[in-house]
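Q: Below is one structure. I have some questions about it.
Numbering (the UniProt record's numbering), first residue to last: 1 to 595.
Structure follows, in structure tokens:
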């Protein structure tokens with residue numbers, strides 16, 4: 001099995017770039033095995049009755065007509081049994097046996113065969129398009145036959161193969177970039193397969209079959225602990241396979257066991273490193289696909305990036321990205337508001353939607369929140385006369401904050417950070433998920449507590465009725481807020497917002513920055529937030545001025561720090577303590593436990 005290669009800038013066995021090996025006139029070229037058909041016009045030696053002499057050549061056109069229509073009802077001219085057929089594209093002379101006249105049309109007789117060309121079989125070569133299984137017609141002197149591949153290396157992010165040329169001694173072997181090899185896929189596959197067999201032979205001989213746990217331990221000890229950059233992992237397969245060849249050479253000669261033992265340890269580390277690089281490449285591909293999927297759903301509003309420079313965790317397989325509430329079983333979310341404002345320009349002086357609920361305008365003229373947490377927000381809806389640029393349409397217009405889902409370094413799993421500075425009061429994102437009934441939330445809550453996680457958010461914003469019939473579950477269905485971590489000292493707060501659904505038990509949940517958040521800072525909110533009524537009692541005496549958001553951070557005195565149990569308490573309810581989820585936020589005011 002042979003391939004061909006275009007010899008341009010070959011590299012010698014010493015690694016230096018050199019000219020093509022030896023005298024090119026002596027190198028066997030591909031054209032020697034592919035003689036061209038003769039264009040000689042002398043009579044043919046064949047005895048076929050239909051074509052005893054070769055027809056005169058004619059110039060080929062881009063298209064060829066096989067039917068010559070008679071003009072003015074005249075027959076084609078003929079002389080000595082030869083017919084002159086003229087078309088718009090070319091002239092051709094044919095014998096009697098080669099034509100037939102049907103309905104005043106002269107037809108050239110020949111057999112047609114079906115030809116199918118698949119798009120995957122078409123490739124570009126030197127700017128021209130060719131079929132993969134047909135070598136391009138290039139300068140004959142630059143085409144050489146590859147006998148086999150002897151070695152492989154990577155240099156400046158380019159792969160080179162060490163080539164043994166057909167008909168040439170080993171002293172003419174050269175390093176060739178992969179781009180120079182044409183139709184050598186089978187030869188490359190054989191080479192890679194033989195290298196794989198060498199690796200498997202070592203694993204069986206040494207009974208060494210590393211697992212993902214071994215790879216993870218190697219990564220933590222050699223990469224992260226030594227502060228090496230996880231982003232710049234590079235495989236060292238050249239060293240691995242050279243060491244494997246040396247290992248089998250030494251073992252065959254029964255040389256010094258100390259040298260062999262040292263070589264075995266080196267090979268095992270190289271195997272782990274190669275497996276780590278392979279796993280890392282698979283992970284990066286998984287995260288990139290996930291990032292593209294998310295942004296195709298959000299239409300890049302906001303733009304969301306995904307990164308993991310901590311471990312080998314890939315994109316979650318049991319999470320589905322959505323942008324709005326998903327009604328669960330037995331839940332109906334109305335979206336036809338019964339009322340709307342008549343304003344043309346909603347501001348603090350107009351009789352807008354918020355004023356109908358005894359409220360004040362919730363946003364500044366720059367679209368930032370200006371009311372304290374716990375304040376119900378009624379935005380203008382689809383029945384309002386005001387335009388989409390209305391000052392009271394912030395959440396429904398979406399977020400412009402670019403975010404990044406990233407892997408945390410202290411065991412908190414995924415987190416969310418901002419890619420640019422977020423000013424205080426800016427809308428960040430909605431908390432969305434599956435809306436379920438209170439009964440279903442109780443069932444799921446028990447499972448989540450046992451697993452040490454929860455994504456349940458009670459919609460307990462109804463101040464009139466002392467009830468909470470609905471809960472948002474973002475465990476399986478959710479958006480970027482699913483990955484926002486808890487903090488006892490958060491930098492964002494959750495507000496209840498009503499837009500097209502005015503059911504007091506079904507508000508939307510919107511996250512706003514409660515202080516300025518710096519670029520690349522993690523976004524957090526308090527999972528154990530106080531109820532709306534508690535916040536309302538604390539905010540009764542707070543005044544909110546027009547355009548001022550200084551009262552946004554409200555001191556929640558009802559939050560009590562959950563201290564670690566004392567010595568005399570540890571034996572009282574160890575089971576309850578063990579079921580608690582420890583908080584890892586690291587804040588100075590950390591309450592130690594989440595729930």
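Ideal placement from N, C-alpha and C gives every residue a C-beta, glycine not left out.
Quick one: using the 10 Å Cβ neighbour count with 16 as the cut-off for buried, is residue 320 buried or exposed?
A: By the neighbour-count rule (16 or more Cβ atoms within 10 Å), residue 320 is not buried but exposed.
Q: Using only the alpha-carbon positions, how far apart do residue 333 and residue 157 sit?
A: So the alpha carbons of these two residues sit roughly 55 Å apart.
Q: Does the Cβ-Cβ distance between residue 263 and residue 247 come in under 8 Å?
A: In contact: residue 263 and residue 247 (Cβ atoms closer than 8 Å).
Q: Would residue 217 be called buried (16 or more neighbouring beta carbons within 10 Å of its own) or exposed?
A: Looking at its Cβ environment, which holds fewer than 16 other Cβ atoms inside 10 Å, residue 217 is exposed.
Q: Go ahead and pull the three-state DSSP assignment for residue 419.
A: Three-state result, residue 419: coil.
Q: How is residue 452 classed by DSSP in three states: helix, strand or coil?
A: Note: residue 452 maps to coil in three-state DSSP.
Q: Measuring only the C-alpha atoms, how far is residue 378 from residue 331?
A: Between residue 378 and residue 331, the C-alpha separation is close to 22 Å.
Q: For residue 26 and residue 249, I'd like the C-alpha separation in whole angstroms.
A: Only weak support is given to the placement of residue 26: the predicted model assigns it a pLDDT of 44, under 50, and the value that follows is read from those uncertain coordinates. Going from the Cα of residue 26 to the Cα of residue 249 covers about 36 Å.
Q: At a cut of 8 Å, does the segment 182-189 reach the segment 268-282 through at least three beta carbon pairs?
A: Judged by Cβ distances under 8 Å, the segment 182-189 makes no contact with the segment 268-282, as fewer than three pairs qualify.
Q: Could you tell me which of 412, 296, 381 sits nearest to residue 479, measuring between CA atoms?
A: Of the listed residues, the one whose Cα sits closest to residue 479 is 296.
Q: Is residue 447 buried or exposed, if buried means 16 or more other CB atoms sit within 10 Å of its CB?
A: Label assigned to residue 447: exposed.
Q: Rank 173, 155, 307, 410 by C-alpha distance to the C-alpha of residue 234 and give the top, closest one.
A: Among 173, 155, 307, 410, the Cα nearest to that of residue 234 is on 155.
Q: Does the distance from the C-beta atom of residue 284 to that of residue 236 stay below 8 Å?
A: Contact: no.
Q: Look at the alpha carbon of residue 298 and the alpha carbon of residue 323, and state the distance between them as a whole number of angstroms.
A: Going by the C-alpha atoms only, they are around 7 Å apart.
Q: Got a sec? Which residues, its chain only, sit under 6 Å from residue 294 by beta carbon, not counting five neighbours each side?
A: Closer than 6 Å at the Cβ level, and outside the excluded window around residue 294, lie 304, 321.
Q: Measure the C-alpha to C-alpha separation of residue 307 and residue 519 and round it to an integer number of angstroms.
A: Rounded to whole angstroms, residue 307 to residue 519 spans 16 Å at the Cα level.
Q: Taking residue 416 as the reference, which of 521, 440, 350 has the closest Cα?
A: Per the Cα distances, 521.
Q: Between residue 340 and the rest of its own chain, which residues show a CB-CB distance below 6 Å, the 5 nearest in sequence each way excluded?
A: Excluding residues within five positions, the ones whose Cβ falls inside 6 Å are 381, 383, 384.
Q: Taking its Cβ as the centre, do 16 or more other Cβ atoms sit within 10 Å of residue 410, making it buried, or is it exposed?
A: It is exposed - the Cβ of residue 410 has fewer than 16 other Cβ atoms within 10 Å.
Q: Going by DSSP, what residue range makes up the beta strand (DSSP E) through residue 484?
A: No beta strand (DSSP E) contains residue 484, which DSSP labels as neither H nor E.
Q: Could you check if residue 292 is buried or exposed, using at least 16 other CB atoms within 10 Å of its CB as the buried criterion?
A: Exposed: under 16 other Cβ atoms inside 10 Å.
Q: For residue 329, is the classification buried or exposed, using 16 other Cβ atoms within 10 angstroms of its Cβ as the cut-off for buried?
A: By the 10 Å Cβ count, residue 329 comes out exposed.
Q: On the DSSP letters alone, give me the boundaries of the alpha helix (DSSP H) that residue 602 sits inside.
A: Because the chain is modelled from 1 through 595, residue 602 falls outside the range shown and cannot be assessed.
Q: Need the endpoints of the beta strand (DSSP E) that residue 190 sits in, please.
A: Here residue 190 belongs to no beta strand (DSSP E); instead the alpha helix (DSSP H) covers 185-206.
Q: Applying the 10 Å Cβ sphere with the 16-neighbour rule, what's the burial state of residue 491?
A: Counting Cβ neighbours within 10 Å, residue 491 comes out buried, since at least 16 surround it.
Q: For the candidate residues 444, 440, 475, 514, whose alpha-carbon lies nearest to that of residue 433?
A: Residue 433 has its Cα closest to that of 475, out of 444, 440, 475, 514.
Q: Measuring only the C-alpha atoms, how far is residue 548 from residue 391?
A: Its pLDDT being 48, under 50, residue 548 is placed unreliably in this model, and the value from its coordinates should be taken loosely. Rounded to the nearest angstrom, the two C-alpha atoms are 15 Å apart.
Q: Which runs of the beta strand (DSSP E) at least 3 residues long sit entirely within the segment 309-396? Give them in chain order.
A: The segment 309-396 contains no whole beta strand (DSSP E) run of 3 or more residues.
Q: From which residue to which residue does the beta strand (DSSP E) around residue 470 run?
A: Looking at the DSSP string, the run of the beta strand (DSSP E) that includes residue 470 is 470-473.
Q: Can you look up residue 445 in the DSSP assignment and give me helix, strand or coil?
A: Residue 445: helix per DSSP, three-state reduction.
Q: Tell me where the alpha helix (DSSP H) around residue 213 begins and ends.
A: That run of the alpha helix (DSSP H) goes 212-218.
Q: List the endpoints of the continuous alpha helix (DSSP H) containing residue 277.
A: Its alpha helix (DSSP H) spans residues 257-298.
Q: So, with DSSP's three-state summary, where would you put residue 477?
A: Strand.
Q: Is DSSP giving residue 170 helix, strand or coil here?
A: Helix at residue 170.
Q: If you run the structure through DSSP and keep just helix, strand and coil, what is residue 526?
A: Residue 526 falls in the coil class under three-state DSSP.
Q: Does the contact criterion of 3 or more C-beta pairs under 8 Å hold for the segment 401-410 versus the segment 486-503?
A: No contact exists between the segment 401-410 and the segment 486-503.
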